[in-house]
Amino acid sequence: MSDQIRPAAATLPPIAEHPRLTVIGTGYLGATHAVSMAVLGYEVLGVDVDPAKIDALLAGRVPFHEPGLPEKLAEALASGRLHFTTSFDEAARFGDVHFICVGTPQQRNSNAADLRFVDSAVTELARRIDRKALIVGKSTVPIGTAQRLTTLVHEVSPAGADIELAWNPEFLREGWAVEDTLHPDRLVFGVASAWAEAQLRAAFRPILDDGTPLVVVDLATAELVKVAANSFLATKISFINAMAEVCEATGADVNLLASALAYDSRIGGRFLKPGLGFGGGCLPKDIRAFTARAEELGVGNAVQFLREVDGINLRRRTRTVDLVRELAGGTLEGKRIAALGATFKPNSDDIRDAPALDVAHMLHGEGAIVSVYDPAGMENARRVRPDLHYAPSIAAAVMDADVVVLLTEWQQFRDANPRDLGTLVRERKVVDGRHALDADRYRAAGWEYRALGRPTHSRTVELSVDARDAALQSA
Ligand code: UDX
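Right, here's the structure in full:
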């Protein structure tokens, strides 16, 4: 919104200069947002329908793995500014600005997003609010959702059109959630009025005062920013993984290729790391939901390429299984495979759409005896894939293995000594699904080392993992 069309502050309805905030939904996004805002000095009430989550947070326990968050939760609780509840009545009474942070998973039988949780959170809240307030969506939603929710809110709330809706997409990465929330690359405010913008500015004052760039847009653009950003990131990953397929057919090395591309400042190295591809609670379902919504809007052709991005990504999983089978001598039946990693990326316990767990499951499906070890994701993995065997340590997982496959690039897997591991396995054969191991060190220790998109044999030109990561600035 340009300054020309912004009415003078004096004509705006009253703005709460230090608004009281509620955060509806206390998962990865909501819990981090609630804690961070309290740390920044706001009075915050976190709300969830799950009493177990609320009890844990009240007791100072973060119910998922997120580095740095437990310390910040303790700090926020000690400040007396952060509280949690299951009561929407309390939330409606308390808040000036209400953030909606509930999940928008993929629908069971379609690519579209399931908006039941968003609809229910907004409805339950709005029907209890009886004064001017701002509801701010942070969840990732299909374009048009904010407009639809505005109508819904005006219908169900006693405050009617006094309640406004805004959209403030969140770009936090798991594992970096606190840092990304307190020091975001940018803030995006999707608003329908100058009052909503002013109220959001008040709600993010310390972050804006820090010099964080702000882009103020309409509601539809705000919704689109999030899915467009995730689509771009997914495309970048699938681009380099498509190049890995070409490398495999030509004897070229995708690691060297990625590093050489990364030094071109127009391309940049971030999200150019080849390997097993993307997973998690966002990228896969967001590109699918975007495709589904674009088709509904009659612009399916414009994002048709995202189907290919998804396809390339899923092929990395089957190709990894192919490599393991190849190393195992052509069949997986009865072979002992050590699967290092279950989560969709390191420093997380999240196994949603995790390529690692998918590969472990496929190996098991071909008759392999799969032993999985992950530093943080064991409990979640066991719940979803109880048929796999879970080992209590790297050493236990690789014991007597015919092939070791690295599926998530946890630091402790990178740090493992190939000579020590070599004394435990039956065969020194390793598939590096994340290009995280030092190929030279493994080969020097007598291992047969294979990675997607890399030549079978040692070469004169070898790039250390550290040098490659420096080029790719991997965060
Ligand atoms: C992502 C977005 O980065 C974030 O902005 C958005 O808000 C939520 O979705 P997250 O799901 O936490 O965040 O994970 P991210 O760090 O982006 O990684 C996604 C997946 O891509 C992981 O499985 C990771 O292993 C993979 N990846 C990432 C690659 O395969 N190569 C890369 O170069 C980067």
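So the sequence shown is residues 4 to 478, counted in the numbering used here. Glycine included, each C-beta is placed from N, C-alpha and C at the ideal position.
**Message:** Does Leu275 pass the burial test, meaning 16 or more other C-beta atoms within 10 Å, or should it be called exposed?
**Reply:** Translated into positions along the sequence shown, residue 275 becomes position 272. Leu275 comes out buried.
**Asked** Taking 6 Å as the line, does the beta carbon of Arg176 fall inside it for any heavy atom of ligand 1?
**Response** For the purposes of this step, residue 176 is taken as the residue at position 173 of the sequence shown. For ligand 1, at least one heavy atom lies less than 6 Å from the Cβ of Arg176.
**Request:** Could you name the residues of the same chain whose beta carbon sits closer than 6 Å to that of Lys56, not counting the 5 residues immediately before and after it, in chain order?
**Result:** In the sequence shown, the residue the question calls residue 56 occupies position 53. Same-chain partners within the cutoff: Thr29, Pro66.
**Message:** If contact is defined by three or more beta carbon pairs under 8 Å, each pair taking one atom from either stretch, is the stretch 23 to 43 in contact with the stretch 84 to 92?
**Reply:** yes
**Message:** Going residue by residue through the stretch 396 to 460, where are the continuous beta strand (DSSP E) segments of at least 3 residues, counting only ones entirely within it?
**Reply:** 406 to 409, 432 to 435, 451 to 453
**Request:** Measure the C-alpha to C-alpha separation of Glu69 and Val181 and round it to an integer number of angstroms.
**Result:** Position 66 of the sequence shown, counted from the start, is the residue given in the question as residue 69. Position 178 of the sequence shown, counted from the start, is the residue given in the question as residue 181. Using only the alpha carbons, I get a separation of about 8 Å.
**Message:** What does the alpha-carbon distance come out to for the pair Arg320 and Ala439?
**Reply:** For the purposes of this step, residue 320 is taken as residue 317 along the sequence shown, with counting starting at 1. For the purposes of this step, residue 439 is taken as residue 436 along the sequence shown, with counting starting at 1. Whole-angstrom Cα-Cα distance: 16 Å.
**Request:** Look at the alpha carbon of Asn171 and the alpha carbon of Lys229, and state the distance between them as a whole number of angstroms.
**Result:** One-based indexing of the sequence shown puts residue 171 at position 168. One-based indexing of the sequence shown puts residue 229 at position 226. Cα to Cα, the separation comes out at about 9 Å.
**Prompt:** Is Ile240 near ligand 1, with its Cβ less than 6 Å from a heavy atom?
**Reply:** Locating residue 240 in the sequence shown gives position 237, where the first residue counts as 1. True, at least one ligand heavy atom lies under 6 Å from that Cβ.
**Proximity test, Cys285 beta-carbon vs ligand 1 heavy atom, cut-off 6 Å** = Reading the sequence shown from its first residue, position 282 is the one you call residue 285. The answer is yes for Cys285.
**Separation of Ala295 from Asp418, as counted between CA atoms** = In the sequence shown, the residue the question calls residue 418 occupies position 415. In the sequence shown, the residue the question calls residue 295 occupies position 292. Per the coordinates, the alpha-carbon of Asp418 lies some 42 Å from the alpha-carbon of Ala295.
**Request:** Report the rounded CA-to-CA distance for Ala169 versus Leu222, giving the unit in angstroms.
**Result:** Taking the sequence shown and counting its residues from 1, the one referred to as residue 169 is at position 166. Taking the sequence shown and counting its residues from 1, the one referred to as residue 222 is at position 219. Each residue's alpha carbon lies about 7 Å from the other.
**Asked** With contact counted as at least three CB pairs below 8 Å, one residue from each stretch, are the stretch 198 to 216 and the stretch 249 to 265 in contact?
**Response** Because the criterion of three Cβ pairs below 8 Å is not met, the stretch 198 to 216 and the stretch 249 to 265 do not touch.
**Residue nearest to Ser113 in terms of C-alpha spacing, selected from Arg291, Thr126, Pro209, Asp165** = What you label residue 113 is simply residue 110 of the sequence shown in a count that begins at 1. The shortest C-alpha separation from Ser113 is found at Arg291.
**Nearest-angstrom Cα separation, counted from Ile27 out to Arg96** = Taking the first residue of the sequence shown as position 1, residue 96 is located at position 93. Taking the first residue of the sequence shown as position 1, residue 27 is located at position 24. Roughly 14 Å separates the two Cα atoms.
**Asked** Just curious, the alpha helix (DSSP H) that Val177 is in, first and last residue?
**Response** In the sequence shown, residue 177 corresponds to position 174, counting from 1. Note that residue 177 is Glu in the sequence shown here, rather than Val. No alpha helix (DSSP H) holds Glu177; DSSP gives it neither H nor E.
**Message:** Helix, strand or coil for Thr126? Go by DSSP, reduced to three states.
**Reply:** In the sequence shown, residue 126 corresponds to position 123, counting from 1. Here Thr126 sits in helix by DSSP.
**Message:** Tell me the rounded alpha-carbon separation between Glu177 and Val42.
**Reply:** One-based indexing of the sequence shown puts residue 177 at position 174. One-based indexing of the sequence shown puts residue 42 at position 39. Cα to Cα, the separation comes out at about 19 Å.
**Prompt:** Distance, Cα to Cα, Leu61 vs Val434?
**Reply:** Counting from one through the sequence shown, the residue named residue 61 turns up at place 58. Counting from one through the sequence shown, the residue named residue 434 turns up at place 431. Their backbone Cα atoms lie some 43 Å apart in a straight line.
**Message:** For the alpha helix (DSSP H) containing Ala507, name the first residue and the last one.
**Reply:** Residue 507 lies beyond the residue range present for the chain, which begins at 4 and ends at 478; the question has no answer from this structure.
**Asked** Candidates Val194, Thr25, Thr215, Arg339: which alpha carbon is nearest Asp183's?
**Response** Numbered from 1 along the sequence shown, position 180 holds the residue referred to as residue 183. When only C-alpha atoms are compared, the closest one is Thr215.
**Prompt:** By the 10 Å Cβ neighbour count, where 16 or more other Cβ atoms means buried, how is Asp99 classified, buried or exposed?
**Reply:** The residue you call residue 99 lines up with position 96 of the sequence shown. Burial call: buried.
**Prompt:** Going by alpha carbons, who is nearest to Arg339 out of Phe91, Arg130, Ala399?
**Reply:** Locating residue 339 in the sequence shown gives position 336, where the first residue counts as 1. Nearest C-alpha to Arg339: Ala399.
**Request:** Give a yes or no on whether the C-beta atoms belonging to Lys135 and Asp165 are separated by under 7 Å.
**Result:** Here residue 135 is taken as the residue at index 132 of the sequence shown, counted from 1. Here residue 165 is taken as the residue at index 162 of the sequence shown, counted from 1. Remark: C-beta atoms of Lys135 and Asp165 approach each other more closely than 7 Å.
**Prompt:** Between Gly106 and ligand 1, is the CB less than 6 Å from at least one heavy atom?
**Reply:** Here residue 106 corresponds to residue number 103 of the sequence shown, with the count starting at 1. Checking the Cβ of Gly106 against ligand 1 gives no.
**Prompt:** Considering only C-alpha positions, which residue in the set Val324, Leu217, Thr411 is nearest to Gly370?
**Reply:** Here residue 370 is taken as the residue at index 367 of the sequence shown, counted from 1. Of the candidates Val324, Leu217, Thr411, the one whose C-alpha sits nearest the C-alpha of Gly370 is Val324.
**Message:** Below 6 Å, is the gap between the Cβ of Gly280 and the nearest heavy atom of ligand 1?
**Reply:** Within the sequence shown, the letter at position 277 stands for residue 280. Within the cutoff, so yes.
**Asked** Expressed to the nearest angstrom, what Euclidean distance is found between the alpha-carbon atoms of Thr14 and Gln202?
**Response** Numbered from its first residue, the sequence shown carries residue 14 at position 11. Numbered from its first residue, the sequence shown carries residue 202 at position 199. Rounded to the nearest angstrom, the two C-alpha atoms are 14 Å apart.
**For Ser374, three-class secondary structure by DSSP** = The count along the sequence shown starts at 1 and reaches residue 374 at position 371. Looking at Ser374 - three-state DSSP - the assignment turns out to be strand.
**Asked** How about Arg287 and Asp377: do their beta carbons lie closer than 7 Å?
**Response** For the purposes of this step, residue 287 is identified with residue 284 of the sequence shown, where counting begins at 1. For the purposes of this step, residue 377 is identified with residue 374 of the sequence shown, where counting begins at 1. It is worth fixing the name first, because residue 287 is Pro in this sequence and not Arg. No, the pair does not count as a contact, with Cβ atoms beyond the cut-off.
**Item:** Distance between Gly333 and Ala94 (C-alpha atoms, nearest Å)
**Value:** The sequence position of residue 94 within the sequence shown is 91, counting from 1. The sequence position of residue 333 within the sequence shown is 330, counting from 1. Computed Cα separation, rounded: 60 Å.
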